[in-house]
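Residues -15 to 272 (our numbering) are what the sequence shown spells out, left to right. By construction, the Cβ of each residue, glycine as well, lies at the ideal position given by its N, Cα and C atoms. Computed from a predicted model, the values in this text were never measured in an experiment.
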Amino acid sequence: MERKSMIAYVNGEFLPENQATVSIFDRGFLFADGVYEVTAVINGQLIDFEHHIARLQRSCHELELTLPYGEAELKQIHHQLIEKNNLHEGLIYLQLTRGNAMTRNFLYPDKDVKPTLVLFSQESSIVDHPKAKFGIEVVTFDDIRWQRCDIKTVALLAASMAKEYAHKHGADDALFTKDGYINEGSSSNCFIVTQDDKLQTRELNNKILPGITRRAILTLAQEKGLEVIEKAFRLEDALNAKEVFITSATTLIWPVIKINGQNISDGKPGNIAVRLREIYLQKAKSQK
């Protein structure tokens, strides 16, 4: 099925995608010197937008990147893309790089070099995705990423390698592991439900991304009376858990039913994952 052409945004202009280009000297292209955010769109509305922008601002601060607009202006650009592309369900991708210094040099360019801001939208199934209903199978992959995974940088080669490895081994996705511990998914955070119904996910540190959906699910779980533990867990803990699931902006919650070919519990999506997803969707659909 051919993808319909959409309107993109590049440095202040809305353009057809086939005309939306950046320089070969852009530092995002040459050095992966940039950050990004992906915001889900459901019923034409942005989900958890303010938290995505707060994380974007943090990423920029950590890398000394200049964000040219504030939250209100960025929200307006997002809404314009939704309107121009008649986007009902899918995502908006935002990427900010250090810009075009007109040469290849490892040093940061002078402050007068303007950053490059690009946004585009994609239609995708979020609410009724079959993987949310039936669950996914994952494999483990050695976490070979750099030591600042808390910054949402565009340097995603390790994640691509992990996803490709999973695909070649007949799985849907990969979990990054190091020294026997699960850090997170290739593009998601990972949770387990212990045998005594405690919800556990790795604590925030430089090894994982501070996921926006992770944050929302932790809040919802606590509101519903679930005991929450933010602490690293081992692969064997996940294999012996009552439930395992991953969270991200564009999946919300996907239950994990197998890891490395081994069933999690009875090999079916767990009740807590299913219920948390339902509650999160209800709240998401009410956002304006």
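DSSP lists -8 as the beta-bridge partner residues of residue -1.
Proximity of the region 88 to 108 to the region 60 to 75 meets the contact definition, three or more beta-carbon pairs being nearer than 8 Å.
In the three-state reduction of the DSSP assignment, residue 247 falls in the strand class, which pools E and B.
Residue pairing from DSSP leaves residue 206 without any beta-bridge partner.
Contact between residue 125 and residue 158 holds, with the beta-carbon distance rounding to 4 Å and staying under 8 Å.
For residue 197, the three-state secondary structure derived from DSSP is helix. Residue pairing from DSSP places residue 20 in a beta bridge opposite 79. For residue 60, the three-state secondary structure derived from DSSP is helix.
By DSSP's assignment, residue 238 forms a beta bridge with 230. Between residue 254 and residue 227 a beta carbon distance of about 3 Å is seen, short of the 8 Å cut, so the two are scored as contacting.
Burial state of residue 120 is buried, judged by a 10 Å Cβ sphere holding 16 or more other Cβ atoms. The bridge partners DSSP lists for residue 174 are 230. Taking the Cβ atoms as the reference, residue 234 lies roughly 6 Å from residue 24, within the contact range of under 8 Å. Counting other Cβ atoms within 10 Å of its Cβ, residue 8 stays below 16 and is therefore classed as exposed. By the C-beta criterion, the region 137 to 155 is judged not to be in contact with the region 31 to 39, since fewer than 3 inter-stretch pairs fall below 8 Å. For residue 186, the secondary structure class from DSSP, reduced to helix, strand or coil, is coil. If you draw a 10 Å sphere on the C-beta of residue 141, you find fewer than 16 other C-beta atoms in it, and that means exposed.
Shown here for residue 3: not one same chain residue has a beta carbon closer than 8 Å to its own, the five before and five after excluded.
Around the beta carbon of residue 128, fewer than 16 other beta carbons sit within 10 angstroms, so the residue counts as exposed. Between residue 6 and residue 22 the beta-carbon gap is near 19 Å, outside 8 Å, which marks them as no contact.
Under the three-state reduction of DSSP output, residue 69 falls in the coil class, being neither helix nor strand. In the DSSP annotation of this structure, the continuous segment of the beta strand (DSSP E) that includes residue 157 starts and ends at 157 to 162. The residue among 185, 172, 217, 62 with its C-alpha nearest the C-alpha of residue 163 is 217. Put simply, the backbone Cα of residue 62 is about 42 Å away from that of residue 224.
Excluding sequence positions up to five before and after residue 161, its CB lies within less than 8 Å of the CB of 124, 125, 126, 127, 167, 219, all in the same chain and listed in chain order.
Beta-bridge partners of residue 29 (DSSP): 26.
Cβ contact annotation for residue 135 (same chain, cutoff 6 Å, sequence separation greater than five): 43, 46, in chain order. The Cβ atoms of residue 18 and residue 80 lie closer than 8 Å to each other. Note: residue 100 is bridge-paired with 81 in the DSSP secondary-structure output.
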